[in-house]
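Quick note: this note's numbering has the sequence shown finishing at residue 640, numbered continuously throughout.
Using N, Cα and C, we set each Cβ at its ideal position, and we do this for glycine too.
In this text, all values refer to a predicted model and were calculated from it rather than measured experimentally.
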Amino acid sequence: MSISEHKIPLSDAAPGKESGAADGSAAPRLSWDIALTWLLGFVAVVYLGLEGGGYDALVYSQVGIVAWWVLLGTVLVGALPRRRPSATALAAIAIFAGFLAWTALSLNWTESSERSFTEVARLSSYLGFFALAILARHQDSARRMVAAVGAGIGVVALVALLSRLHPSWFGDEIYQTAAFLPGSAERLSYPLDYWNGLACLIAIGLPLLLQLATDARFPLVRGLAAAALPALMLTIYFTLSRGGIGAAVIGVVAFFAFTSDRLPKLVVAAIAGAGGAILIAAASSKDALVHGVANGALRDQGGDILLLAVVVCAVIGVMVTLLTLATRDVERPGWSVPSRGFSLAALAVSICLLLVIGLAAGAPGRASDAWSEFKESDTPVGGSDRLGTVAGESRYALWSSAVREMRSSPLDGTGAGTYEYWWNRDGSDDETVVDAHSMYLQVLGELGVVGFLIVLSFVLMVLLTGAVVSSRAAPWRRPALAAALAACVAFFVQASVDWVWQIPVLPIAVLLLAGTLVATDFRDYDDTPEGAPLRPLPRAAVVVAALALMAVIAIPLAATSLVRQSQDEANEGDVAAALSDARSAQNVEPFAATPRLQERPLPVPRPNGSRPTGAPGSCSRGLKRAAAGRFRRSSPIARRGR
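Put into structure tokens, the structure is as follows:
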């Protein structure tokens, strides 16, 4: 039995079709749809990742407007959709748009119109990327999107790792989280400025890079992807994020559950995993490096681990490249390609063994003790010892409060973005909290049962559709679809225990992958015609929707820009200009409180041009408040991190 009968073809096309890269001798022709995929998947992820995860309203608003402009222009000229969207894809867009509409409707009953409108603008940006991923679907979109998003995540993760191993390259910016939250220096946060967010990004990227390391067309690409895997494992270790590491494990397991030809992939994963284990073992013995202490010891220890990481990653990359070349035309024995029935039987036996081992080890009692520990509000121990605990850091109290929030208004909730106000009244302590640290429970509290069911419907549609297309697709297509599904699984798992939904780089990366899943039609891989422009009425609907949502995004974008300009002008002493911009922000977003709060401490200039009047020190108080908000507006960790 030949390996060529079981490996995934090195071609864009289905078996039997010619391709310039079928034998690996030539690269596929560059086309605009490849450029669009990499613009969405690589450039967007790298840009947002290096800009604090895109948490800043100015960043994600500008990116969202760009996405809608791209969609608007390509639809108008007939470049999109590449293929007519399937019923499943249209249903997915409709569900997401329904959630956006329900969030907008909450403006009628919300406790804060400004907070709710911010959520509407954020969701509008997300929807633009999701729609683009669906409309750009072509016969190889899953493979290309997995490569683009995976490569982007790899770049961001490597920057994060370098910021820990060689912090002098990055200046004081990498310490802003630790400056705001003393004691958090040991947890790697840069460049997303939130350790759990960075860990979630890596959890999304690991199955994507694993797919590239085992399924890319070119051996060199496989080697590069394999070389990045140990580095990503070391990076996620430095975050000390239990939720992120757990999500990464679940994502990798999901990839192997749905991919094809698992044995070669297991071999590559074992090689990369061994390299990651070597790096983690070496790094865990370096106290200054583990605890993030900025001193000479950190520089020395970081340099040692950096050198070791380069050597280990290079060796693994070379090994995987040579292994790919050596086994390309080698015949494989039949036992190395187990049948589906054998695989299912082995899975059933493994599950039974795990259950028996768990019962013998007293798993039920341990689970009960773990749940009791999780409900406690104590902070886990520091360093890598925290990875062995399950303390919830007040999450149980936050989740319980979100449930009570829902019970206060079961159908519609208190309004999008208003959990902070509810917690201030209902919380069990005086700690300021913005989010419930669970996407699902926060939606349940803020948007009621209706909003929760819409979100749950969307998540289930993505996961179930991904499972179906991954299981029923041809073997050469299955790994890319399985990787996209696994990345979505990792994100949706961590979203249940953290507020990663509000860090735009994470949901945008996942929505790009989810768009390829729901748009995939495994039944017509070759027969679906490309170049199916929309008819006039649907095209007009897309144009109107794009213009409307760009206007929605532009309102808080303009107001935020004016407020920050006012802050900068007040800092420079130009009170008249600062006051003018604050009032302009009020005109742009009249229902928002922030422009009024910015104007309130500013003294009013006298008509004759003399010194402005006002309470002594009022301007300085306004400047202090603006300075305190500078970190909050650029970093997601403020008042949120756990």
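Pull up the distance between the alpha-carbon of residue i and that of residue j, whole angstroms please.
{"i": "Val542", "j": "Trp67", "result": "12 angstroms"}
{"i": "Asp572", "j": "Gln565", "result": "10 angstroms"}
{"i": "Trp30", "j": "Phe256", "result": "30 angstroms"}
{"i": "Ile63", "j": "Leu510", "result": "16 angstroms"}
{"i": "Phe216", "j": "Ala145", "result": "12 angstroms"}
{"i": "Ala556", "j": "Ser494", "result": "32 angstroms"}
{"i": "Gly126", "j": "His136", "result": "18 angstroms"}
{"i": "Pro362", "j": "Ala389", "result": "18 angstroms"}
{"i": "Ser283", "j": "Leu264", "result": "28 angstroms"}
{"i": "Thr325", "j": "Thr212", "result": "12 angstroms"}
{"i": "Asp525", "j": "Ala131", "result": "Summary for Asp525: the model assigns pLDDT 45, below 50, so the residue's position carries little reliability; its value from the coordinates is reported in the next sentence. C-alpha separation (whole angstroms): 20 angstroms."}
{"i": "Trp497", "j": "Ala134", "result": "29 angstroms"}
{"i": "Asn606", "j": "Gly152", "result": "In this prediction, Asn606 scores a pLDDT of 46, lower than 50, which makes its location untrustworthy; the coordinate-derived value is nonetheless stated afterwards. When rounded, the distance between both Cα atoms is 59 angstroms."}
{"i": "Val466", "j": "Thr108", "result": "39 angstroms"}
{"i": "Ala471", "j": "Ala480", "result": "10 angstroms"}
Apply the 10 Å Cβ neighbour rule to residue i and answer buried if 16 or more other Cβ atoms are within range, or exposed otherwise.
{"i": "Ala169", "result": "First, the amino acid is wrong: residue 169 is Gly here, not Ala. Classification for Gly169: exposed."}
{"i": "Pro262", "result": "buried"}
{"i": "Phe97", "result": "buried"}
{"i": "Cys198", "result": "buried"}
{"i": "Leu38", "result": "buried"}
{"i": "Ser462", "result": "Checking the displayed sequence, the identity of residue 462 turns out to be Leu instead of Ser. Exposed is the call here."}
{"i": "Thr430", "result": "exposed"}
{"i": "Gly411", "result": "buried"}
{"i": "Val460", "result": "buried"}
{"i": "Ser436", "result": "buried"}
{"i": "Pro554", "result": "buried"}
{"i": "Val441", "result": "buried"}
{"i": "Pro165", "result": "buried"}
{"i": "Leu351", "result": "exposed"}
{"i": "Arg393", "result": "buried"}
{"i": "Leu458", "result": "exposed"}
Compute the distance between the beta-carbons of residue i and residue j, then report whether it is under 8 angstroms.
{"i": "Val540", "j": "Leu547", "result": "no"}
{"i": "Ala414", "j": "Ser114", "result": "yes"}
{"i": "Thr233", "j": "Leu186", "result": "yes"}
{"i": "Gly242", "j": "Val154", "result": "no"}
{"i": "Thr237", "j": "Trp167", "result": "no"}
{"i": "Leu207", "j": "Val250", "result": "no"}
{"i": "Ile202", "j": "Ala485", "result": "yes"}
{"i": "Ile551", "j": "Ser122", "result": "yes"}
{"i": "Leu34", "j": "Ala544", "result": "no"}
{"i": "Val43", "j": "Val503", "result": "yes"}
{"i": "Leu227", "j": "Gly274", "result": "yes"}
{"i": "Glu444", "j": "Tyr419", "result": "no"}
{"i": "Gly315", "j": "Gly221", "result": "yes"}
{"i": "Ile278", "j": "Val310", "result": "no"}
{"i": "Met143", "j": "Thr558", "result": "no"}
{"i": "Ala478", "j": "Ile248", "result": "no"}
{"i": "Ala580", "j": "Pro588", "result": "no"}
{"i": "Asp191", "j": "Gly300", "result": "no"}
{"i": "Ala55", "j": "Thr101", "result": "no"}
Grab me the residues of residue i's own chain with a C-beta within less than 6 angstroms of its C-beta, minus the 5 sequence neighbours each way, in chain order.
{"i": "Ala149", "result": "Phe40"}
{"i": "Ser582", "result": "Leu560"}
So, at 7 angstroms on beta carbons, what are the nonlocal neighbours of residue i in its own chain, with the 5 sequence-adjacent residues on each side left out?
{"i": "Leu218", "result": "Thr319"}
{"i": "Cys317", "result": "Note on residue identity: the sequence assigns Met, not Cys, to residue 317. Ile269."}
{"i": "Arg402", "result": "Asp424"}
{"i": "Leu159", "result": "Ala229, Leu232 and Thr233"}
{"i": "Phe94", "result": "Leu125, Phe128 and Phe456"}
Need the endpoints of the alpha helix (DSSP H) that residue i sits in, please.
{"i": "Asp598", "result": "First, the amino acid is wrong: residue 598 is Arg here, not Asp. Careful: Arg598 lies outside any alpha helix (DSSP H) and carries neither H nor E."}
{"i": "His289", "result": "Asp285 to His289"}
{"i": "Thr233", "result": "Pro217 to Thr237"}
{"i": "Ile172", "result": "Where Ile172 is concerned, there is no enclosing alpha helix (DSSP H), given that its DSSP letter is neither H nor E."}
{"i": "Leu485", "result": "The amino acid at residue 485 is misidentified as Leu; the sequence shows Ala. Where Ala485 is concerned, the enclosing alpha helix (DSSP H) stretches over Arg476 to Gln492."}
{"i": "Leu125", "result": "Ser111 to Leu133"}
{"i": "Ala146", "result": "Ser139 to Leu163"}
{"i": "Asn422", "result": "Tyr417 to Asp424"}
{"i": "Asn194", "result": "Trp193 to Asp213"}
{"i": "Phe256", "result": "Arg240 to Phe256"}
{"i": "Ser585", "result": "The sequence as given places Asn at residue 585; Ser does not occur at that position. First-last of the alpha helix (DSSP H) with Asn585: Val573 to Val586."}
{"i": "Ala65", "result": "Ala55 to Leu74"}
{"i": "Asn642", "result": "Limits of the chain in this structure are -1 at one end and 640 at the other, which puts residue 642 out of reach."}
{"i": "Arg393", "result": "Arg393 to Ser406"}
{"i": "Lys500", "result": "Here residue 500 turns out to be Gln, not Lys, going by the sequence shown. First-last for Gln500: undefined, no H or E at that position."}
{"i": "Trp30", "result": "Trp30 to Trp36"}
Please go through the same chain and pick out, in chain order, the residues whose beta-carbon is closer than 8 angstroms to the beta-carbon of residue i, but skip the five residues on each side of it.
{"i": "Ala447", "result": "Here residue 447 turns out to be Val, not Ala, going by the sequence shown. Excluding sequence neighbours, Val447 sits near Met404, Pro408 and Leu409."}
{"i": "Leu304", "result": "Leu160, Leu163 and His164"}
With a cut-off of 8 angstroms, does the C-beta of residue i fall near any C-beta of chain D?
{"i": "Leu56", "result": "Considering every chain present, this structure includes no chain D. It has just one protein chain."}
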